[in-house]
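Notes follow the structure.
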Amino acid sequence: MSFIKKILSLVLIVQPMLLASQNKYPTDYFGSPIDFPISLSGTFGELRNGHLHSGIDIRTQGVEGKPIKAIADGWVSRVVVSPTGYGKAIYIDHPNGYTSLYGHCQSFYQAIEKYVNTEQYRNESFAVDLKFTKNEFPVKKGQLIAKSGNSGSSGGPHIHFEIRDTKEKTTINPLFFGYKIKDYTRPQIKRLLIYPYGPNSSVNGKNIFHEVALAGWGLNLHPKPGQDTINVCGKVYFGIEAFDRHNDSQMDNGVFSIKLMIDSVLMYSHKMEKFDFEESRQMLALVDYPYLIKNKKRIQRSIILPNNELPIYKNVKHRGIYRFDKSKIYQVKYVVGDIEGNESVLTFHIKGNNDGVSFIPKIPFITKNETIMRWDSHNVFKREGILIEIPKKALFDTLHFKFSINKPQNGGFSPVYHIHDPYTPLLKSYKLAIKPTGFDPALRNKLLIVKLDTKNEKPIPAGGKWDGKFLTTNVREFGSYTVLADTKPPTIKPANIQNGKNISGQGSIRITVTDDLAGIETFRATMNGKWILMDWDPKRNLLEYKIDEHTKKGKNTFRLSVVDTRGNEAVYEATLYR
Numbered sequence: 017m018s019f020i021k022k023i024l025s026l027v028l029i030v031q032p033m034l035l036a037s038q039n040k041y042p043t044d045y046f047g048s049p050i051d052f053p054i055s056l057s058g059t060f061g062e063l064r065n066g067h068l069h070s071g072i073d074i075r076t077q078g079v080e081g082k083p084i085k086a087i088a089d090g091w092v093s094r095v096v097v098s099p100t101g102y103g104k105a106i107y108i109d110h111p112n113g114y115t116s117l118y119g120h121c122q123s124f125y126q127a128i129e130k131y132v133n134t135e136q137y138r139n140e141s142f143a144v145d146l147k148f149t150k151n152e153f154p155v156k157k158g159q160l161i162a163k164s165g166n167s168g169s170s171g172g173p174h175i176h177f178e179i180r181d182t183k184e185k186t187t188i189n190p191l192f193f194g195y196k197i198k199d200y201t202r203p204q205i206k207r208l209l210i211y212p213y214g215p216n217s218s219v220n221g222k223n224i225f226h227e228v229a230l231a232g233w234g235l236n237l238h239p240k241p242g243q244d245t246i247n248v249c250g251k252v253y254f255g256i257e258a259f260d261r262h263n264d265s266q267m268d269n270g271v272f273s274i275k276l277m278i279d280s281v282l283m284y285s286h287k288m289e290k291f292d293f294e295e296s297r298q299m300l301a302l303v304d305y306p307y308l309i310k311n312k313k314r315i316q317r318s319i320i321l322p323n324n325e326l327p328i329y330k331n332v333k334h335r336g337i338y339r340f341d342k343s344k345i346y347q348v349k350y351v352v353g354d355i356e357g358n359e360s361v362l363t364f365h366i367k368g369n370n371d372g373v374s375f376i377p378k379i380p381f382i383t384k385n386e387t388i389m390r391w392d393s394h395n396v397f398k399r400e401g402i403l404i405e406i407p408k409k410a411l412f413d414t415l416h417f418k419f420s421i422n423k424p425q426n427g428g429f430s431p432v433y434h435i436h437d438p439y440t441p442l443l444k445s446y447k448l449a450i451k452p453t454g455f456d457p458a459l460r461n462k463l464l465i466v467k468l469d470t471k472n473e474k475p476i477p478a479g480g481k482w483d484g485k486f487l488t489t490n491v492r493e494f495g496s497y498t499v500l501a502d503t504k505p506p507t508i509k510p511a512n513i514q515n516g517k518n519i520s521g522q523g524s525i526r527i528t529v530t531d532d533l534a535g536i537e538t539f540r541a542t543m544n545g546k547w548i549l550m551d552w553d554p555k556r557n558l559l560e561y562k563i564d565e566h567t568k569k570g571k572n573t574f575r576l577s578v579v580d581t582r583g584n585e586a587v588y589e590a591t592l593y594r
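The numbering used here applies: residue 17 is where the sequence shown begins, and numbers increase by one.
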């Protein structure tokens, strides 16, 4: 097939899908949330840590404080201030049935900022979640509503921007609403993986995935010489690593669509158009989770697991699992596209055979004491000193559950329980109850369940409340768990104050706060005995108070109390002058 014919055939496949989606949404109703060209550091639906990205990340030229504007007339329906997630976020409902969201803000416009501040002082809480009726805070298209920032779980200055269906609560790719990104760049396909499905299947004679080295570019991606034809036996499925770049950005962003064709027949496709916010964690069924944990690379698998309910799929045959006839050679093609219609094509060949399996990998964990757990059932597992309850639809697929026990580690108050393995993802949390032993009764309220890192690094706190003789908590990961005690209070380190300092020349008080194990639960700051607002940024371990009317002229007494989840308290006090 000529180069031009290849292009035309791909246009006929991709363009109808793009046009059908774009025609659903108004493309001339919303304006831009910023007053400079939109450049992205994150695309809709890209694979993040444990979730699909539910909006687009708009770059703010590397700085905070850029004006954010309402994209259309409407009213402020919700404002959230949180130390994590979207940080400071503002939601605007629009009369056409959509809601726009602007996250990681530095501050809100004056009327909202004043209202939020009043509520924070009334509740004596940095974190608030406020809802509003239609007539309380109306806004006009283009009105300043906030300033961009880096609040919450943000990794750098940007605006997290979403458009949601107000009634259905689904989040929709904002680029369907007429926003244009300068993008003439094809997506890049970095890796091809072929997986055997089941113990009797093989790829090149082995019952483990086969990674194919790639060469070429654009419409002519292919395996490197000598790897073009892959021999398979039994059932297999496929996966690729791919990302997209735009003309004015070198960020490796997520792709919009992936299609898989076998002998020119469309066998699988998905596109990132919309999904429910509650479905975001389903990305763990889309990604090759073990590969992600071990290699920090996101492979998108073209298989639909039984409990994968993402609405992104179309034209999927056999759940993405295929059997190839003996001695026949098939042409397999991946087409990866961005929302502007740029595509890259990877072509390779599969040869079916019945040679069976010459190599079966050693099971990396426990080979006995397995229990079958169905994904569509409530599963209960009990052993002496431990109870595990995995709710219905917490698993993505039926599981050959594995379990083993090791002796307590130094300072531990229970055995180390190896619960399955850390390479199997879960959609929902499960109940974990462990019976501590050998502890002094005085330590009872200092005990907590922890997850031990696979590299034996610092334990990860999982909490735990007493229920009879058991500590009980909910966790969302398999792995190794035990019980430890935390008796150390948090650490408070003033960054720009000390006792007796005159603070007239500074705009804020900054204090670093860390904890040894259990994690910080609450903090309370007062000036002259009255509560003051400190912004909490846990990613930087930073508390910050912007000096205002609550600090009087002359002598002031500042006090900060920080308590971890086991009740250990640290206190810092200082006399400050203004």
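Note that the Cβ used here is the ideal one computed from N, Cα and C, for glycine as well. What you are looking at is a predicted structure, and each value in this text was computed from that prediction instead of being measured.
Under the three-state reduction of DSSP, which class applies to Y131: helix, strand or coil? Three-state DSSP puts Y131 in a helix.
CA nearest to the CA of I205, picked from F574, N422, A86 and V352: In terms of Cα proximity to I205, the closest of F574, N422, A86 and V352 is V352.
Which of the three DSSP states is assigned to T296 in this structure? Going by the sequence as given, residue 296 is Ser instead of Thr. Helix.
Throw me the rounded Cβ distance for the H365 and Y346 pair, which I believe falls under 8 Å. Contact between H365 and Y346 holds, with the beta-carbon distance rounding to 7 Å and staying under 8 Å.
What are the complete beta strand (DSSP E) segments, minimum 3 residues, inside the segment 239-319? 245-249, 251-262, 265-269, 273-278, 281-287 and 290-292, all fully within the segment 239-319.
Apart from the five residues on each side of it in sequence, which residues of its chain come closer than 8 Å, Cβ to Cβ, to Y593? Answer for Y593: G516, K517, N518, I519, S520, G570, K571 and N572, listed in chain order.
Please name the residue, chosen from E129, S93, N584 and G61, that lies closest to S116 on a Cα-to-Cα basis. Its Cα nearest to that of S116, the residue S93 stands out among E129, S93, N584 and G61.
Report yes or no: do three or more beta-carbon pairs, one from the segment 210-217 and one from the segment 128-145, lie closer than 8 Å? Fewer than three Cβ pairs drawn from the segment 210-217 and the segment 128-145 lie within less than 8 Å of each other, which leaves the two stretches out of contact.
Taking just the CA atoms, how far does N133 sit from K150? Taking the CA atoms as reference points, K150 sits about 21 Å from N133.
Would you call the segment 328-336 and the segment 99-118 in contact, with 3 or more CB pairs under 8 Å? Not touching, per the Cβ criterion.
Would you report the Cα separation of L468 and I406, rounded to the nearest angstrom? Cα to Cα, L468 sits roughly 20 Å from I406.
Grab me the residues of K481's own chain with a C-beta within less than 8 Å of its C-beta, minus the 5 sequence neighbours each way, in chain order. Answer for K481: L487, T488 and T489, listed in chain order.
The beta strand (DSSP E) spanning I224 covers which residue range? For I224, there is no enclosing beta strand (DSSP E), as DSSP gives it neither H nor E.
So the beta strand (DSSP E) E589 belongs to, where does it begin and stop? Here the beta strand (DSSP E) through E589 covers E585 to Y593.
List, from N- to C-terminal side, the beta strand (DSSP E) runs of 3 residues or more that fit wholly inside the segment 452-485. The segment 452-485 contains these whole beta strand (DSSP E) runs: 463-468, 476-479 and 481-483.
Roughly how many angstroms lie between the CA atoms of T383 and F417, to the nearest whole one? The pLDDT assigned to T383 is 49, lower than 50, so where the model puts this residue is not dependable, and the model offers no usable value.
Applying the criterion that 16 or more other CB atoms from any shown protein chain within 10 Å of the CB defines a buried residue, is H226 buried or exposed? Flag for H226 reads buried.
Top-ranked residue by Cα proximity to I319, from Y200, I274, Q77 and H110: Of the listed residues, the one whose Cα sits closest to I319 is I274.
Rounded separation between S420 and K471 - CA only: Each residue's alpha carbon lies about 18 Å from the other.
Contact belief for F177 with G71 at Cβ below 8 Å, rounded distance in angstroms: Contact flag correct, Cβ pair sits at about 5 Å.
Do V361 and L235 come within 8 Å of each other at the CB atom, strictly closer than that value? Taking 8 Å as the Cβ cut-off, L235 and V361 qualify as a contacting pair.
Let me check understanding here. Comparing Cα to Cα, which of N220, G221, P203 and A86 lies closest to A162? For A162, the nearest C-alpha among the options comes from A86.
Pop quiz: I404 and F397 are said to be a contact at Cβ under 8 Å. What is the actual Cβ separation, rounded to whole angstroms? Contact flag correct, Cβ pair sits at about 4 Å.
Could you name the residues of the same chain whose beta carbon sits closer than 6 Å to that of L191, not counting the 5 residues immediately before and after it, in chain order? Result list for L191: I355, in chain order.
Distance check for H434 and G495, CA to CA, integer angstroms please. Cα to Cα, the separation comes out at about 6 Å.
Taking only the alpha-carbon atoms, compute the straight-line gap between K196 and Q522 and give it to the nearest angstrom. One C-alpha to the other measures close to 43 Å.
So who's on the other strand from P212, going by DSSP bridges? Residue pairing by DSSP places P212 opposite V252 in a beta bridge.
Take P424 as the anchor and find which of Y439, E493, P452 and I328 has the nearest alpha-carbon. Relative to P424, the option among Y439, E493, P452 and I328 whose CA is nearest is P452.
Terminal residues of the continuous beta strand (DSSP E) containing W91? It spans G90 to V97 - the beta strand (DSSP E) in which W91 sits, taken as one unbroken run.
Kindly give me the distance between the Cβ atoms of H120 and G168, rounded to whole angstroms, as I take these residues to be in contact under 8 Å. About 6 Å separates the Cβ atoms of H120 and G168, confirming a contact at the 8 Å cut-off.
In angstroms, rounded to a whole number, what distance separates the CA positions of L558 and V529? Between L558 and V529, the alpha-carbon positions lie close to 6 Å from each other.
Taking DSSP's pairing of strands, which residues face Y8 in a bridge? For residue 8 there is no data in the structure shown, the boundaries of the chain being 17 and 594.
Kindly identify the DSSP beta-bridge partner or partners of H416. Within the DSSP bridge table, the entry for H416 names I388 as partners.
What separation, rounded to the nearest whole angstrom, lies between the Cα atoms of N189 and G61? Going from the Cα of N189 to the Cα of G61 covers about 8 Å.
Only counting the same chain, and skipping five residues up and downstream in sequence, which positions put a Cβ closer than 8 Å to that of K183? Cβ contact annotation for K183 (same chain, cutoff 8 Å, sequence separation greater than five): G113, in chain order.
With distance defined between alpha-carbon atoms, name the residue in A258, D580, F254 and Q122 nearest to K462. Comparing Cα positions, the closest option is D580.
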